[in-house]
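For the sequence shown, the numbering used here gives the first residue as 361, with consecutive numbering after it. Heads up, the beta-carbon is just placed ideally off N, CA and C, and yes, glycines get one too. Here the structure is laid out as structure tokens; the discussion comes afterwards.
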Amino acid sequence: MRTVLKFGGTSVASAEALERVTRIVGGVKGDRVVVVSATAGTTDRLHEAAAAAAGGDGEEAQRIVDELAASHETLLRTVAPTQADETSADLAELAARTAALLRSVAILRECTARTRDAVLAYGELASAPIVAATLRRSGVDARPAAATAFVVTDEAFGSAAPLFAETYAAAREWLQPLVKAGTVPVVTGFIGATSDGVTTTLGRGASDYTAAILAAALGAGECRIYTDVSGVMSADPRMVEGARPLGRLSYAEAAELSYFGAKVLHPRAVLPAIEAGIPVRILNTFEPEDAGTTITAQGVPDGSVVKATTSLGGLSLVTVQGAGMSGVPGFAAKVFDTTAAEGVSVLMISQASSENSICLVVPADTADRLKAALERMLAKDLAHHDVERVIVERPIAVVAAVGEGMRGTPGVAARIFGALGKAKVNVIAIAQGSSELNVSLCVAERDQAKAVRAIHEEFERERA
Ligand code: ADP
Ligand code: ASP
Ligand code: MG
361 MRTVLKFGGT SVASAEALER VTRIVGGVKG DRVVVVSATA GTTDRLHEAA
411 AAAAGGDGEE AQRIVDELAA SHETLLRTVA PTQADETSAD LAELAARTAA
461 LLRSVAILRE CTARTRDAVL AYGELASAPI VAATLRRSGV DARPAAATAF
511 VVTDEAFGSA APLFAETYAA AREWLQPLVK AGTVPVVTGF IGATSDGVTT
561 TLGRGASDYT AAILAAALGA GECRIYTDVS GVMSADPRMV EGARPLGRLS
611 YAEAAELSYF GAKVLHPRAV LPAIEAGIPV RILNTFEPED AGTTITAQGV
661 PDGSVVKATT SLGGLSLVTV QGAGMSGVPG FAAKVFDTTA AEGVSVLMIS
711 QASSENSICL VVPADTADRL KAALERMLAK DLAHHDVERV IVERPIAVVA
761 AVGEGMRGTP GVAARIFGAL GKAKVNVIAI AQGSSELNVS LCVAERDQAK
811 AVRAIHEEFE RERA
């Protein structure tokens, strides 16, 4: 069997973690392909470096690169002292290239999305050779592989979409011969390149996506995502003390959870695996014997109604309000044309049955722009008072209760509202997906954690 194993940021950030990675990779039989993230915190620091440089502070950007380069070098010397020299030279060159890019950014005082991607790529381009050197030291024939050579994407820098046919063909051509020769490729997650060879990134957290893409391309029997928790849990463990790992999830449930903030999995990650029928397992690098979560096309009913509760903060609610909107065909279309034209992603929509208002939940930093665009688009309706006003409320959070067991189970919304009422959380808007496997609610951001805990407790109690 062929196995794709992806290791996240904390799993590759320390000598102790890399020791565990070595044991895990060494213990897997058959062909192996490893995908790695940048070491924990690196991508955030690179974002900061790009921002500092764009603001003209080239020195701060240089300091960040120096700090990252030093920590990579220290890690390499600790985990693979005998292999350090050749890899070390490669790492130094990467750091120098990134520093040069940032110097240009500081001179221009502008960092385009394209340049930022080239800067961010440094994180994964540096971690892959370190992981490969660690594996070689323990006798595994491993070598780093930059995904820019075979993950082919469009030009949407910052969240590029892979071109699947090209990527699958190139990944096979590149990786099959290595794998067949018994080598373990250690592939950089998160990054790709356009067909012209310009570096792109697939969006934050997207190393999971790289793993699923490669699993599909190479016909893997299993895609394992190793992280720092024992699977997808019934709630964010940092927010809810009693959160517990979920043994099984359907693809649809996993997609809903990651979409609504379960950071453990990248929202798009599951798709390539769904289509290829490959099970995805979320496992803990630090507790590799734990069962973790297995995600398959069809879920296995476990008797639960709500399986997990997630949340996403940093949002705004944009409401278009007015009595003259009821019964006017095409009104919602106008609103959505505007969000599309502005490139604003809408996380949740809700419309009262009176049709007096349409509420859109959007990322907070896009709300003012969307309000202005809606006011332009609806200028006539506003002048005629068919639309009274466009309001922005913030900060807002969306809380989502997810589970296949909700389908056809009456009274779920009532229980959610009851639990929130008892916790004194005011619900601003509510939406239910037509798939009936999620109920999402909009609350003030200050109530986010309280709302998650209240819903989680309501549905966990019945399991006890
Ligand atoms: P990695 O670097 O391994 O990809 P991430 O930080 O991206 O790890 O994702 C793992 C983290 O996701 C966990 O440490 C946990 O704090 C957070 N998390 C949020 N919601 C959940 C959830 N429902 N289940 C598990 N982890 C969650
Ligand atoms: N390093 C990237 C990030 O922090 C990708 C990943 O970790 O999956 O977003
Ligand atoms: Mg992640």
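Proximity test, residue i beta-carbon vs the ligand MG heavy atom, cut-off 6 Å
{"i": "residue 302", "result": "Nothing can be reported for residue 302, as the shown portion of the chain is limited to 361 through 824."}
{"i": "residue 368", "result": "yes"}
7 Å Cβ cutoff met for residue i and residue j
{"i": "residue 425", "j": "residue 460", "result": "no"}
{"i": "residue 486", "j": "residue 462", "result": "no"}
{"i": "residue 572", "j": "residue 629", "result": "yes"}
{"i": "residue 669", "j": "residue 761", "result": "yes"}
{"i": "residue 372", "j": "residue 395", "result": "no"}
{"i": "residue 634", "j": "residue 366", "result": "no"}
{"i": "residue 519", "j": "residue 563", "result": "yes"}
{"i": "residue 416", "j": "residue 469", "result": "yes"}
{"i": "residue 488", "j": "residue 495", "result": "no"}
{"i": "residue 759", "j": "residue 671", "result": "yes"}
{"i": "residue 378", "j": "residue 402", "result": "no"}
{"i": "residue 752", "j": "residue 678", "result": "yes"}
{"i": "residue 721", "j": "residue 675", "result": "yes"}
{"i": "residue 430", "j": "residue 465", "result": "no"}
{"i": "residue 398", "j": "residue 484", "result": "yes"}
{"i": "residue 766", "j": "residue 805", "result": "no"}
{"i": "residue 640", "j": "residue 583", "result": "yes"}
{"i": "residue 364", "j": "residue 614", "result": "no"}
{"i": "residue 727", "j": "residue 673", "result": "no"}
Proximity test, residue i beta-carbon vs the ligand ADP heavy atom, cut-off 6 Å
{"i": "residue 708", "result": "no"}
{"i": "residue 547", "result": "no"}
{"i": "residue 598", "result": "yes"}
{"i": "residue 587", "result": "yes"}
{"i": "residue 623", "result": "yes"}
{"i": "residue 372", "result": "no"}
{"i": "residue 592", "result": "yes"}
Where residue i sits in the DSSP three-state scheme
{"i": "residue 705", "result": "coil"}
{"i": "residue 363", "result": "strand"}
{"i": "residue 791", "result": "strand"}
{"i": "residue 826", "result": "Residue 826 lies beyond the range of the chain shown here (361 to 824); nothing can be said about it."}
{"i": "residue 657", "result": "coil"}
{"i": "residue 521", "result": "coil"}
{"i": "residue 487", "result": "helix"}
{"i": "residue 502", "result": "strand"}
{"i": "residue 666", "result": "coil"}
{"i": "residue 674", "result": "strand"}
{"i": "residue 723", "result": "strand"}
{"i": "residue 812", "result": "helix"}
{"i": "residue 641", "result": "strand"}
{"i": "residue 799", "result": "strand"}
{"i": "residue 680", "result": "strand"}
{"i": "residue 695", "result": "helix"}
{"i": "residue 512", "result": "strand"}
{"i": "residue 732", "result": "helix"}
{"i": "residue 804", "result": "strand"}
Heavy atom of the ligand ASP within 6 Å of residue i beta-carbon
{"i": "residue 488", "result": "no"}
{"i": "residue 397", "result": "yes"}
{"i": "residue 403", "result": "yes"}
{"i": "residue 550", "result": "yes"}
Closer than 6 Å: residue i CB and nearest the ligand SAM heavy atom
{"i": "residue 667", "result": "What this structure holds is the ligand ADP, the ligand ASP and the ligand MG, not the ligand SAM."}
Short CB-CB distance (under 7 Å) between residue i and chain C
{"i": "residue 528", "result": "Absent from the structure is chain C; it holds one protein chain and no more."}
Problem set entry | Completely contained alpha helix (DSSP H) runs for the region 598 to 632, where each covers 4 or more residues | Runs found: 611 to 619.
For this session: List in chain order: all unbroken beta strand (DSSP E) runs of 3+ residues lying wholly within the region 542 to 605.
Result: With a minimum length of 3 residues, the continuous beta strand (DSSP E) runs that stay inside the region 542 to 605 are 544 to 548, 551 to 554, 559 to 561 and 582 to 587.
Exercise. Is the region 519 to 537 in contact with the region 402 to 412, if contact means three or more CB pairs nearer than 8 Å?
Worked result: With the rule of 3 Cβ pairs closer than 8 Å, the region 519 to 537 does not count as touching the region 402 to 412.
Exercise. Touching or not, the region 579 to 594 and the region 638 to 652, by the rule of three or more beta carbon pairs under 8 Å?
Worked result: At 8 Å Cβ cutoff, the stretches touch.
For this session: For the region 738 to 789, list the alpha helix (DSSP H) runs that are entirely contained and at least 4 residues long, ordered along the chain.
Result: You should have 739 to 743 and 772 to 782.
Exercise. In chain order, which continuous runs of the alpha helix (DSSP H) of length 4 or greater are located wholly inside the region 367 to 433?
Worked result: Scanning the region 367 to 433 for uninterrupted alpha helix (DSSP H) segments of 4 residues or longer gives 375 to 386 and 402 to 414, listed from N- to C-terminal end.
For this session: Quick one: which unbroken alpha helix (DSSP H) runs of 4-plus residues sit fully inside the region 425 to 480? Chain order, please.
Result: When DSSP assignments are scanned along the region 425 to 480, the uninterrupted stretches of alpha helix (DSSP H) that are 4 or more residues long and fall wholly within it turn out to be 444 to 468.
Exercise. Is the number of C-beta pairs between the region 687 to 702 and the region 730 to 747 that are closer than 8 Å three or more?
Worked result: They touch, by the three-pair rule.
Exercise. Quick check: the region 780 to 795 against the region 646 to 656, are there 3 or more CB pairs under 8 Å?
Worked result: At 8 Å Cβ cutoff, the stretches do not touch.
Exercise. Does the region 604 to 616 come close enough to the region 427 to 446 to have 3 or more Cβ pairs within less than 8 Å?
Worked result: In this structure the region 604 to 616 does not touch the region 427 to 446; the number of beta carbon pairs closer than 8 Å is below three.
For this session: Determine contact between the region 508 to 518 and the region 550 to 560, defined as no fewer than three beta-carbon pairs at a distance below 8 Å.
Result: Contact between the region 508 to 518 and the region 550 to 560 is present: three or more C-beta pairs spanning the two stretches fall below 8 Å.
Exercise. With a cut-off of 8 Å, do at least 3 Cβ pairs link the region 769 to 780 to the region 792 to 811?
Worked result: Counting Cβ pairs under 8 Å, three or more are found: they touch.
Problem set entry | the region 536 to 546 touching the region 465 to 477, judged by at least three CB pairs closer than 8 Å | Fewer than three pairs of CB atoms, one per stretch, sit closer than 8 Å, so the region 536 to 546 makes no contact with the region 465 to 477.
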